[in-house]
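Peer 1: Numbering (our numbering), first residue to last: 13 to 718.
Provided herewith is a single structure, encoded as structure tokens, for subsequent inquiry.
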């Protein structure tokens with residue numbers, strides 16, 4: 013078997029590379045703003061996320077800084093920053109429950125306010141529990157996906173996703189997951205892969221023990237173990253240390269058979285303490301992993317898909333079919349109990365908890381959701397600044413010793429290692445794992461399959477800004493917008509950049525008053541060309557009037573007309589009575605601009621790519637009448653193409669249908685009234701059959717109650 017060597021994270025690592033562009037730009041770690049928190053992090057300020065639950069397990073609300081006591085290496089500390097953070101559960105939206113991929117990216121929602129990385133440890137889950145692991149992962153996605161930006165990360169590196177708000181992308185990754193552990197027994201953590209010499213004067217028992225240890229060592233197990241630790245370490249580093257937004261790992265794993273007692277409690281690992289010259293690969297990897305988690309202030313919640321292990325199952329789960337005969341009665345020497353306890357120690361050291369030896373997975377996920385919904389953000393400046401080693405922390409509510417307080421159990425002074433920074437602030441806005449939320453933005457991208465090599469993409473960027481901030485003395489609203497487009501090619505691990513883009517905005521004093529009386533909304537049309545493939549578009553913008561910027565991240569698949577018998581491009585929606593959002597005037601850079609050329613950005617078209625200004629709304633009223641536009645292409649057939657447009661409700665029932673026939677260029681335009689639909693979430697599905705081939709494209713939207 014070929015060992016799985018430790019290496020960079022397959023997809024999440026690409027996120028950090030988004031600042032390294034074809035135009036010569038370098039990576040910049042974004043330190044985004046948290047719109048609902050005023051807590052500010054500094055180089056010397058130690059930040060702690062604290063969860064408090066009472067004796068019944070209910071979260072305690074309404075505490076103040078005076079209620080808490082913090083000690084650093086047993087020395088009391090003065091609280092310098094404090095905030096109670098609560099997230100109200102939002103009503104279901106099209107983003108939360110639509111079964112199709114999102115075609116609009118936004119940084120308006122609470123999802124931009126916290127990041128959950130679900131780490132599925134497929135290297136250490138028994139193949140017979142693949143379905144159980146999938147069920148747990150789907151439940152985590154269902155309960156948390158609507159409230160956070162999420163990523164699915166596999167320790168094998170196969171099929172991981174980038175952080176996204178698109179539940180369909182995450183669900184596809186979960187559905188492809190397969191566990192890889194061939195036997196039930198947890199992997200042992202053996203550093204020494206070769207046996208030492210046998211002392212001729214040693215007893216037979218000691219000699220056999222040396223042989224057994226060597227035979228139990230597996231290079232595959234070793235690399236799988238180290239890869240798991242390295243995956244968590246790298247993911248924590250990607251999250252950064254200066255972002256005050258809530259960050260968490262949900263680790264679905266069966267653990268590793270290693271005693272973790274004391275591993276996270278000092279600068280030296282237990283292995284190094286016992287023998288400074290010993291080979292301590294596992295302890296060293298664990299300490300580096302925990303150090304990265306602590307620096308990034310990431311809490312970890314672990315879920316063991318084994319569930320409840322009865323006494324009758326203990327031997328089977330502990331020793332599998334290996335033929336080994338340790339007595340399973342002793343917990344300290346039992347591989348299963350070591351794995352369970354290891355998950356618990358790892359989680360509690362970061363301020364989380366583990367769901368082990370329990371079949372109540374749904375209840376455990378509910379507890380995780382509650383933890384992420386309510387916590388206290390506390391900061392202090394250490395009274396003693398000397399020394400760079402590990403420092404144990406203690407946080408308590410002295411008046412209530414019976415309450416459970418969860419927090420990271422220690423830290424190391426100093427922030428995480430800095431990455432190279434870009435001189436381009438727009439690139440910095442798109443270089444974070446989470447989008448920047450300072451400037452409220454939305455974006456959509458609509459592929460139009462007109463060319464076999466480079467597909468034109470109609471891109472719409474929408475900005476929402478306070479009306480008062482844009483108002484000039486003459487009563488008109490004006491803004492100058494600078495924006496940048498990063499195109500992350502997921503397959504080739506490359507990033508292209510289109511920079512130097514500007515738009516000038518001049519709106520009437522009453523623009524958009526009916527819909528948003530306090531806000532002004534304007535849209536910037538843009539065009540890019542991309543070869544067929546899977547991408548993430550990262551669009552950043554800076555408002556001159558507001559002196560702030562933001563970014564949005566959008567997953568995009570560009571179809572390949574050469575390989576697909578029938579292709580349906582992206583679907584554009586618009587309002588039949590005209591656009592409700594003002595259009596900005598784009599100021600294009602010179603044709604020779606290297607950044608634009610690097611992303612094959614064409615000059616503005618003589619005619620717009622779309623027949624109407626697209627709306628980025630996906631929530632409509634029954635009185636709305638929509639315009640629907642898309643384009644089609646076939647590999648071996650010529651237009652026109654025939655098909656049907658269907659509206660399906662959340663249960664999959666067809667609630668309406670329209671037949672269509674394209675024109676000679678494969679273009680389709682339809683008018684869609686919504687008056688027959690009741691309140692709820694729907695899917696717009698376009699389907700066509702041509703020359704024996706079938707193609708479809710879906711889009712999610714919602715309709716309000718009458």
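Cβ coordinates follow ideal geometry from the N, Cα and C atoms, glycine included.
Just so it is clear, the structure is predicted and the values come from calculations on it, not from any experiment.
#1: Would you check if there are 3 or more beta carbon pairs closer than 8 Å linking the stretch 576–592 to the stretch 627–638?
#2: Who does residue 681 pair with in a DSSP beta bridge?
#3: Would you mind reading off the limits of the beta strand (DSSP E) that contains residue 311?
#4: At the level of alpha carbons, what is the spacing between residue 675 and residue 681?
#5: Would you kindly report the start and end of the unbroken alpha helix (DSSP H) that includes residue 482?
#6: For residue 660, write down the residues that DSSP places opposite it in a beta bridge.
#7: Do the CB positions of residue 380 and residue 264 come within less than 8 Å of each other?
#8: With a CB to CB cut of under 6 Å and the five nearest residues on each side skipped, what residues in its chain are close to residue 646?
#9: Taking contact to mean 3 or more Cβ pairs, one atom from each stretch, closer than 8 Å, check whether the stretch 134–153 and the stretch 486–501 are in contact.
#10: Using C-beta distances below 7 Å, list every residue in its chain close to residue 526, excluding the 5 sequence neighbours before and after it, in chain order.
#11: Can you tell me whether residue 143 is buried or exposed? The criterion is at least 16 other CB atoms within 10 Å of its CB, across all chains shown.
#12: Look up residue 650 in the DSSP assignment and say whether it is helix, strand or coil.
#13: Put residue 164 into one of helix, strand or coil per three-state DSSP.
#14: Specify, as a first and last residue, the run of the beta strand (DSSP E) that residue 732 falls within.
#15: Three-state secondary structure (DSSP) at residue 674?
#16: Taking Cβ to Cβ, would you say residue 391 is nearer than 8 Å to residue 57?
#17: Below 6 Å CB to CB, which residues in the same chain sit around residue 301 once its five sequence neighbours on both sides are set aside?
#18: To the nearest angstrom, how far is the alpha carbon of residue 85 from that of residue 71?
#19: Using a Cβ-Cβ cutoff of less than 8 Å, which residues in the same chain neighbour residue 716 once the five nearest sequence positions on both sides are dropped?
#20: Bridge partners for residue 538 per DSSP, in chain order?
#21: Does DSSP put residue 58 in a helix, in a strand, or in coil?
#22: Just to confirm my understanding: we take residue 373, look at its own chain, exclude 5 residues before and 5 after, and list those with CB closer than 7 Å. What are they?
#23: Using the C-alpha atoms, what's the distance from residue 187 back to residue 197?
#24: Indicate the three-state DSSP secondary structure (helix, strand or coil) for residue 383 in the structure shown.
#25: Could you pull the start and end residues of the beta strand (DSSP E) that residue 130 belongs to?
#26: Locate the alpha helix (DSSP H) running through residue 148, then write down its first and last residues.
#27: Go through its chain and collect everything with a Cβ distance to residue 233's Cβ below 7 Å, but skip five positions before and after it.
#28: Using only the alpha-carbon positions, how far apart do residue 559 and residue 81 sit?
#29: Where do the N-terminal and C-terminal ends of the beta strand (DSSP E) with residue 259 fall, by residue?
#30: Suppose only complete runs of 3+ residues qualify. What are the beta strand (DSSP E) ranges in the stretch 349–431, listed by chain order?
#31: Would you decide whether residue 353 is buried or exposed? Buried here means 16 or more other CB atoms lie within 10 Å of its CB.
#32: Under 8 Å by Cβ, that's how I've got residue 467 and residue 570 pegged, so tell me the actual separation to the nearest angstrom.
#33: Buried or exposed for residue 666, going by 16 or more other Cβ atoms inside 10 Å?
#34: CA-CA distance, residue 580 and residue 707?
#35: My output table needs one value for residue 496: the three-state DSSP class, helix, strand or coil.
#36: Identify which residue in 69, 175, 169, 622 has its Cα closest to the Cα of residue 375.
Peer 2: Considering the structure as presented:
#1: yes
#2: Working through the chain shown from its first residue, we reach residue 681 at position 669. Note: residue 681 sits in a beta bridge opposite 641.
#3: Working through the chain shown from its first residue, we reach residue 311 at position 299. Taken as a continuous stretch (DSSP letters only), the beta strand (DSSP E) holding residue 311 covers 311–315.
#4: To locate residue 675, count along the chain shown from 1; it is residue 663. To locate residue 681, count along the chain shown from 1; it is residue 669. The straight-line gap from Cα to Cα measures roughly 9 Å.
#5: In the chain shown, counting from the first residue as 1, residue 482 sits at position 470. Where residue 482 is concerned, the enclosing alpha helix (DSSP H) stretches over 479–482.
#6: Here residue 660 corresponds to residue number 648 of the chain shown, with the count starting at 1. Its beta-bridge partners are 666, 695.
#7: For the purposes of this step, residue 380 is identified with residue 368 of the chain shown, where counting begins at 1. For the purposes of this step, residue 264 is identified with residue 252 of the chain shown, where counting begins at 1. No, the Cβ-Cβ distance between residue 380 and residue 264 is not below 8 Å.
#8: Along the chain shown, one-based indexing puts residue 646 at 634. Cβ neighbours of residue 646 beyond the five flanking positions: 578, 702.
#9: no
#10: Here residue 526 refers to the residue found at position 514 of the chain shown. The predicted position of residue 526 is uncertain, since its pLDDT is 49 and thus under 50; a value taken from the coordinates is nonetheless stated next. Result list for residue 526: empty, nothing under 7 Å.
#11: One-based indexing of the chain shown puts residue 143 at position 131. By the neighbour-count rule (16 or more Cβ atoms within 10 Å), residue 143 is not buried but exposed.
#12: In the chain shown, the residue the question calls residue 650 occupies position 638. In this structure, residue 650 counts as coil in the three-state DSSP scheme.
#13: Position 152 of the chain shown holds residue 164. Assignment of residue 164 by DSSP, reduced to helix, strand and coil, places it in the strand class.
#14: The structure shown does not extend to residue 732, since the chain is modelled only from 13 through 718, so no value can be given for it.
#15: Numbered from 1 along the chain shown, position 662 holds the residue referred to as residue 674. When DSSP states are grouped into helix, strand and coil, residue 674 belongs to the coil group.
#16: Indexing the chain shown from 1 puts residue 391 at position 379. Indexing the chain shown from 1 puts residue 57 at position 45. Yes, they are a contact pair.
#17: Stepping through the chain shown from its first residue, residue 301 is reached at position 289. Excluding positions up to five away in sequence, the list reads 241, 244, 245.
#18: Numbered from 1 along the chain shown, position 73 holds the residue referred to as residue 85. Numbered from 1 along the chain shown, position 59 holds the residue referred to as residue 71. Roughly 27 Å separates the two Cα atoms.
#19: Here residue 716 is taken as the residue at index 704 of the chain shown, counted from 1. Within the same chain, 631, 632, 633, 634, 691 come within 8 Å of residue 716 by CB-CB distance, once the 5 residues on both sides are set aside.
#20: As a first step, residue 538 is located in the chain shown; it is residue number 526 there, counting from the start. Partner(s): 471.
#21: Along the chain shown, one-based indexing puts residue 58 at 46. It is a strand residue.
#22: Stepping through the chain shown from its first residue, residue 373 is reached at position 361. Answer for residue 373: 148, 151, 315, 367, listed in chain order.
#23: In the chain shown, residue 197 corresponds to position 185, counting from 1. In the chain shown, residue 187 corresponds to position 175, counting from 1. Computed Cα separation, rounded: 25 Å.
#24: For the purposes of this step, residue 383 is identified with residue 371 of the chain shown, where counting begins at 1. Helix.
#25: Within the chain shown, residue 130 is the residue found at index 118, counting from 1. Per DSSP, residue 130 belongs to the beta strand (DSSP E) from 126–132.
#26: Counted from its first residue, the chain shown places residue 148 at position 136. From DSSP, the alpha helix (DSSP H) with residue 148 extends over 142–156.
#27: Numbered from 1 along the chain shown, position 221 holds the residue referred to as residue 233. Once the five neighbours on either side are set aside, the close Cβ partners of residue 233 are 199, 200.
#28: Within the chain shown, the letter at position 547 stands for residue 559. Within the chain shown, the letter at position 69 stands for residue 81. Distance between the alpha carbons of residue 559 and residue 81 is about 39 Å.
#29: In the chain shown, residue 259 corresponds to position 247, counting from 1. Residue 259 -> beta strand (DSSP E) spans 258–264.
#30: 386–392, 403–408, 416–418
#31: In the chain shown, residue 353 corresponds to position 341, counting from 1. Its Cβ being crowded by 16 or more others within 10 Å, residue 353 is buried.
#32: The count along the chain shown starts at 1 and reaches residue 467 at position 455. The count along the chain shown starts at 1 and reaches residue 570 at position 558. Their Cβ separation, rounded to whole angstroms, is 5 Å, which keeps residue 467 and residue 570 in contact under 8 Å.
#33: For the purposes of this step, residue 666 is identified with residue 654 of the chain shown, where counting begins at 1. Residue 666 should be labelled exposed.
#34: Within the chain shown, numbered from 1, the residue matching residue 580 stands at position 568. Within the chain shown, numbered from 1, the residue matching residue 707 stands at position 695. Cα-Cα distance, rounded: 7 Å.
#35: Position 484 of the chain shown, counted from the start, is the residue given in the question as residue 496. Here residue 496 carries a strand assignment [DSSP, helix/strand/coil].
#36: Counting from 1 along the chain shown, the entry for residue 375 is found at position 363. It is 69.
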